[in-house]
Structures are given as C-alpha cells and as structure tokens.
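Each protein sequence line maps, in turn, to chains B and F.
If you're matching positions, the first sequence starts at 1 in the numbering used here and goes up one per residue.
If you're matching positions, the second sequence starts at 1001 in the numbering used here and goes up one per residue.
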Amino acid sequence: MTATLFTNARLIDPEAQTDAPGSLLVQGGVIEAIDAPAPEGATVIDCQGRALAPGIIDWGVKIGEPGERHKESFRSAGLAAAAGGVTTIVARPDTAPPIDTPESLEFVTRRAADAPVNIRHMAALTKAREGREMVEIGFLTDAGAVAFTDGVRQVADTRLLSRCMTYARGLGALIVGHPQDADLSRGAAATSGKFASIYGIPAVSPVAEVIGLDRDLALAQMTGCRWHADQITTARALPALRRARDAGLDVTAGISIHHLTLNEYDIGDYRTFFRFTPPLRSEDDRLAMVQAVADGLIDVIASFHTPQDEESKRLPFEAAAPGAVGLQTLLPAAMRLYHGGGLTLPQLWRAMSLNPARRLGLPGGRLSVGAPADLVLFDPDAPFVLDRFTLLSKSKNTPFDGARMEGRVIGTWVAGRRVFGGEP
Amino acid sequence: MTFRARHLLGIDHLAPPEIVTLLDLAEDYVALNRRTVKHADALEGMTLINMFFENSTRTQASFELAGKRLGADVMNMAVAHSSVKKGETLIDTALTLNAMQPDLLVVRHPHSGAVNLLAEKVNCAVINAGDGRHEHPTQALLDALTIRRAKGRLHRLTVAICGDIANSRVARSNLLLLGKMENRLRLIGPATLMPAGAGEMGVELFEDMREGLKGADVVMMLRLQKERMDGGFIPSEREYFHRFGLDAEKLACAAPDAIVMHPGPMNRGVEIDGTIADDINRSVIQDQVEMGVAVRMAALDLLARNLRAERGRAAAGVMV
C-alpha cells in the first residue's frame, strides 16, 4: 500500500487534547508520522484546513442481524457508519435471538465482514437476556466479545448480577449495565414532570436512574468488577458516579447524543421519533450532562443507533417503539455541542473515540504514530438541512429530520483505506 | 364567528373567544333540545362516525344523539371489538373509514395523542372524545356550560377538582379551560393520584379535602378510574371514601351555594355519597348530561361550518 499524506489539516488529537494545524502520514494502514515530509510517490490529500480526527468508535449500535434484517443489516449499518465518520461499530447483543453463545457470536462476526468499517461485538450477560443464568463469559471473551450486557433489560435479580460480576472480574471482562430501576420504569415513555403530565404520557421519575446506579455501583464495589453504565442522563445520578470514581472503582459511564442535544419538550405533539429509553430529560438535566462530559465524569458519547421500521413508529406515542438511528447523525449532532454547547473538538473526540477505545481495549481512538489509520476528515462548519430519506441506514427514524445541522463528513478511512467520500 | 378550528382535539388549541362562541351556540341547542320536535338541519346530509377504541356508553350515546338531532347520518363503530383484534393499526383503521367519506369523526382511544395522530391522516373533521390521560374537550365544555348557567359566569370562581387527577383526562381539559377563563383552581387528592409537576401548573394543591373545599364555588368530583389503576395507588375504597369521598360534612366546608359536579359514571360510596349526588339543590350532575348533548351539537355544527367553508374554497380553486 502506498503512503498517503494528509496536508494542511486541522489535527484533532483527543489524547493530547490539541486542535492544531499539521500534516499526517499514513502507510501500511497505520499512522506513520506527524508533520513529516511526503516520501517519494506518496498520495497527497490537501485537507484545505478541515478537521482530521480519529474515526468515531460508536459504542452500542443495534444491527438487525440476526432477526430483523429488514430494519438494518451489517452492510447498511456499515455504509451509514462510513458516511458518518464512524470507523468502528460496537454492536449490541439484543438481537433476535440474542448473541449469548460463542456460536451466535461467530455468526455475527462472519456476517460483519459485509461492512466497510470495523465491527466489534458485545455479548449478552445472561442467557436469552432473561436475567436467570449467566452466559459463557470465558468462551465468549475468547471468541471476541468486548463487553457483556443485557441491553436495556436491567438484570433484576441482584444475587445473579453479583455472581455475574464476580465471575467476570476473574476474567477481566467488562459488564455494561442499564442503570434504570425496572419497576419504576415499567411502561414509561417520558420523564415525569409538567410536560408528561399535561400531555398525559406515562412517565418515570429520574430517580429510577439514581436507584439503578446506586445498586450497580454497590455491586461493582463489592465485586471489584469492571463496570460501565450505558447511559447516565440525569443530574441527580452524577454525585453517586463522582463518589464511585473518587473511591477508585473501575467504573465508567456513557450517554447518548440525543440526551445531550434534545430535551423532553422536543417530543412536542407526540412525535414518536423522540421516544427513547431512558426517555428524554429536562433542559436542566441536559445542560448538566453536557458539563459532565466536559468535566470527564461522563466518559463516552454514542449514538445508541436503534433502527425501527416505519410501522413501529406510526403509532400513538406510548405504543411506539423507542430509539433512533444515529450512525450518520452522531457527528453533526455533536457539532451542536461544539458550536453552541461549549465543548471543544478534542473533548468531543475523547468521548466519541479515545475513551471507548481505551475502555474496550481497541487500538483506535488516537492520532499517534503506530495507531491504526482509522480517520475522519470533516468540515465542522458546513451547514445542511437533514432529509431522513437520504440516510443510508435501512431505517430512517431520526429525530433530526428537517433539522438545520452543521458538520459534513468529507472522507472516512479504515486502516488507511478510503471507505467514504471522493476527493476533498 | 370566532371559531376557526378544523378539528376539536383539545382545549389546549382553543382561544377564549372560541370557547365563548361554542358555549353561546350550545345555549341555543339547550332550548331546541327542550322542545318536543328537536330537529335542526345543521348536519343535513353529512355522515358522522363514532369510533370508540375504548368502551363507552354515555359519551357515545351523547354524540349519537347530537348528530341525529342535527340531521346527520350516524354510524357507531365499536372498534374495541373488531379490527384492532385482527392486528390492524390505528392508522389503517382511520384510512379505511376515511375512504367511506365521513364528514365528522368522533374518536376515543386509550392512548394519549392517538386522536392527534389520526387527525393527521384523514380529511374530515375530528373530535376527540377522550385520548388516554390527555384530553376530553367536550367534557370540559359541557362542564363550563353547566357552571356558567348555574353561577351566571365562567370567571373568578374558585373551583376544586377532587380525586384521581393523575389518570384523568377530564381533569386536564377542565384545568386548561377554567385556567384560560381566569378561575382559581384547586386540586384535591392523595399524593399518589396527583400528576407530577402539578405544582408548576398554577393551581393550589391539597391533601386535606376540608381545607381544599373551603369557600369553593364549584366542587368537581372525579371518578376513581378503577380500570386505569395498575393497583396500589390507594389502600382501600373505604379509606378513600373516608378521606376524599364527598359527603355532607365535607361539603359544608365549601361556599353555601357551591354546586357539585361529576362527569359520571359515579361510584356511589367511593368518591361521592349518594345523597349528595341526588340533592337537587346542590348537584348539577343531571344538568351536565343534558348540557353534554347541547355542547356536542354546537361543536359538530361549528366544525361542519368550517368544513363546508374549506370545501367551498377548495371547489372555487382559492388558495388557502
């Protein structure tokens, strides 16, 4: 493979937390040098001052294989990812059937070859995600599972969860929890408060998240397990997370881009594309979470890409399926936080690329010499109006349909190979 | 005429002059309904479909009578028992009915917002006859007419709404309407039946019913909606009646000329004592039923006028 030199770039380095002009040389699928001259015969790409950053590592993507390929396949998800600057998809195991055996993990690993980007898989924590028996954590780790989670099903049986965590600790496996109290959350489609009361939508208090988090953190402390909260979305949960971090527990937390850019009032007249699990929160909570990302208390931002077909959404709000696609809108939505939310590009890339790589033991997320050449070149200022039918996902359920956004991906490279975009 | 709405989906969308217009027209229909010959021709030749995804006897009968007295062809669809069970979606059911060219569609549905969703998909006028815990606009309008007739005005009254407010669309629509008309509103009930965020809605909250009824001009009781209860909101019916059931002793705390209302159907001995409900000097519960037909006639009439005007403009090729 010939060398490629990216010149005249704005290099976003989440490790050094720098945002500075420079050039970057790629050879043999890895980053060969920074600010070095072009070797003989190298392809030169003039970035025209646009931002060049490590590709996004999107942690928690639902792909419809197996079971719901009409909603999303590995190929369609991969194309959407490439167009969205996502170079690694970390797929969820909440498929039908779930990924809960080495055999099913092997199947999706094979199917993932259809996608032009890297795909890593999480496995279920309990068999059939039923919360009764733990999966073969050892075999699944050997087969490549990067983490274990039952998705949005909280493991209600505290004794079983404590055993899973104790067992996982011995193997160094990472458990991803959904810290939302299941009883309080039952049937809820919004956050309780004035908005949900006036619109008559079944709602849950943000306290469900505090209760769920407190329990899981206590178990993480008891067992010493490596633990990650998939989504922390309310200010009330932050003190517990802060205490756990200060006490030295090996715990991290994520949040969806939707909870950072939308609030409960965006639901408006029962717009089902704004139904999420957990539900959208108040504006006060949203602002607190943006600050928590800036402070590094929330480690990971992800799209929680959840494809749903049209029929699942053309229903009354409380009956509609939750979730939104996000592989292609994660980057432009994140630009809202850059342009108007007070976050810098290195801070955003720490949460969208470096931290997921570190936590999951993946090689990407860095702009340093020797790191894989998984890169995204984008114009953070380019404006556009989103038309959901232009998205490459098979499903078009995005809350940003018709929204004015900024941030256009110009090119995406995986291991030095261009997977999206023509000449810049 | 100040009534511009294409649909009647909720009180939220109505301006005070529209409410007054509707109530004034309803007064005419009260007079008509008391005559022996009760026919008017406002809906002559039009088709009205009652589509109830939730069981209802009273509201459906009230709409049916309202439509028939105005000369419409009325059809009742008990959807709760038919196509939904065969897996048809709400939107498909709506489109199927829409293809039969109805002019007015009255819809009740167990999910909040379902009637709004349906209204987007059809080209007739839609009336919300109750959607989940959201709104029940004709109930609030008939309550308003009842209050206006009993009290001589619809503003600067102290109105106490008591009972299962969290699960009640009647309470929501009444709060909106009476709030728009500048009344003093109180909510009374156990904390488990209060909606979250009620404190931000510009109302006074009471857990002590005697305290909450002090000086009230209007006492509006709500049905304890057993069918909506997941269970566990109150310990027992008898404790509920003891604390929040309206009896003579509690009613004595209200203004001496306070009226007692209930949207029905009543659970006697649970939220209201039978003798209070039957006291013709205090209870206006039967008036509410009578006003219901008149208010629904007024709503159907106004929507039909707007529909005709809209179709007239479309036929004349006028851009709207």
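Virtual Cβ for every residue (Gly too), placed ideally from N, Cα, C.
Test item: CB-CB of B/K71 and B/P332 under 8 Å: Taking a C-beta distance under 8 Å as the contact criterion, B/K71 and B/P332 do not qualify as a contact pair.
Would you say the region 279-293 of chain B touches the region 361-369 of chain B, given that touching needs at least three Cβ pairs under 8 Å? Here the region 279-293 of chain B makes no contact with the region 361-369 of chain B; the two share fewer than three CB pairs at distances below 8 Å.
Below 8 Å between beta carbons is the criterion; list the residues of the region 1113-1135 of chain F that meet it against any residue of chain B, in chain order. Within the region 1113-1135 of chain F, the qualifying residues are G1113, A1114, N1116, L1117, D1131, G1132, R1133, H1134, E1135.
With a CB to CB cut of under 7 Å and the five nearest residues on each side skipped, what residues in its chain are close to F/V1115? Answer for F/V1115: L1009, V1107, H1109, V1126, N1128, D1131, listed in chain order.
Counting contacts by CB-CB distance shorter than 8 Å, is B/I201 in contact with chain F? B/I201 counts as touching chain F.
Helix, strand or coil at B/H339 according to DSSP, with G and I counted as helix: B/H339 falls in the helix class under three-state DSSP.
Anticipated Cβ contact below 8 Å, F/H1134 with F/G1163, distance rounded: Not really, about 18 Å apart at Cβ, beyond 8 Å.
What's the call for B/G323, buried or exposed, on a 16-neighbour Cβ count within 10 Å? Result: buried.
Please decide whether F/M1201 counts as near chain B, where near means a Cβ-Cβ distance under 8 Å. By this cut-off, F/M1201 is an interface position.
Based on the DSSP output, what are the partners of F/S1283 in its beta bridges? F/S1283 pairs with F/V1260.
F/K1226, buried or exposed, once every other Cβ within 10 Å from all chains shown has been counted against 16: Around the beta carbon of F/K1226, fewer than 16 other beta carbons sit within 10 angstroms, so the residue counts as exposed.
Quick check: the Cα distance between B/E318 and B/L160, rounded to an integer number of angstroms? Near 31 Å, if we compare the C-alpha coordinates of B/L160 and B/E318.
Given a cut-off of 8 Å on the beta-carbon distance, is the pair B/G370 and B/I31 in contact? Yes, these two residues count as a Cβ contact at 8 Å.
Proximal chain B residues relative to F/I1091, where beta-carbon distance stays under 7 Å: Simply R314.
Chain F within 8 Å of B/D269, Cβ atoms only: It does: the Cβ of B/D269 has a partner Cβ on chain F nearer than 8 Å.
I'd like to know whether the C-beta of B/F317 is nearer than 8 Å to at least one C-beta of chain F. It does; some Cβ of chain F falls within 8 Å.
Could you tell me whether the Cβ of F/H1007 comes closer than 8 Å to any Cβ of chain B? Taking CB atoms only, F/H1007 has no neighbour in chain B less than 8 Å away.
If you run the structure through DSSP and keep just helix, strand and coil, what is B/P424? Any reading at B/P424 needs caution, since the residue's pLDDT is 42, under 50, leaving its predicted position unreliable; the model's value is listed next. Coil at B/P424, not helix or strand.
Using only the alpha-carbon positions, how far apart do F/A1299 and F/L1023 sit? In a straight line, the C-alpha of F/A1299 is about 9 Å away from that of F/L1023.
Enclosing beta strand (DSSP E) for B/V90 [first to last residue]: Under the DSSP assignment, B/V90 falls in the beta strand (DSSP E) whose first and last residues are 86-91.
Which same chain residues end up closer than 6 Å to F/T1326 when comparing Cβ atoms and leaving out the 5 residues on each side of it in sequence? What is shown of chain F runs 1001 to 1320, which leaves residue 1326 of chain F out entirely.
Separation of B/G341 from B/A9, as counted between CA atoms: CA-CA distance, B/A9 to B/G341, rounds to 24 Å.
Opposing strand residues paired with B/S256 [DSSP bridges]: Residue pairing by DSSP places B/S256 opposite B/A302 in a beta bridge.
Measuring alpha carbon to alpha carbon, tell me which residue in B/D374, B/T390, B/F148, B/T191 is nearest B/K127. Answer by Cα proximity: B/F148.
From the DSSP output, in three-state form, read off B/V369 for me. Coil at B/V369, not helix or strand.
At 9 Å on the CB atoms, spell out the chain F contacts of B/K194, in chain order. Result: P1195, A1196, G1197, A1198, G1199, E1200, M1201.
Need the endpoints of the beta strand (DSSP E) that B/R120 sits in, please. Per DSSP, the continuous beta strand (DSSP E) segment holding B/R120 begins and ends at 118-123.
For F/C1322, which beta-bridge partners are listed by DSSP? With chain F covering 1001 to 1320 only, the question about residue 1322 of chain F has no answer from this structure.
Tell me which residue opens and which closes the alpha helix (DSSP H) that F/H1242 is part of. Going by DSSP, F/H1242 is part of the alpha helix (DSSP H) stretching over 1237-1244.
Report yes if the C-beta distance between B/A351 and B/A415 is below 8 Å; otherwise report no. No, these two residues do not count as a Cβ contact at 8 Å.
In chain order, what residues of the region 1166-1178 of chain F put their CB closer than 7 Å to some CB of chain B? Legend: CB atoms of the region 1166-1178 of chain F lying less than 7 Å from CB atoms of chain B belong to residues R1169, R1172.
State the DSSP-derived secondary structure class of F/Q1288, mapped to helix, strand or coil. The answer is helix: DSSP assigns F/Q1288 an H, G or I state.
Are the CB atoms of F/T1093 and F/V1079 nearer to each other than 8 Å? Result yes, Cβ atoms of F/T1093 and F/V1079 sit closer than 8 Å.
What is the residue span of the alpha helix (DSSP H) that B/M222 lies within? Following the DSSP letters along the chain, one finds B/M222 inside the alpha helix (DSSP H) bounded by residues 207-223.
Once DSSP output is grouped into helix, strand and coil, what is the label at B/D381? Correct three-state label for B/D381: strand.
Listing by chain order, which chain F residues have their CB less than 8 Å from the CB of B/E32? Under the 8 Å cutoff, chain F gives no residues; its nearest Cβ is about 56 Å from B/E32.
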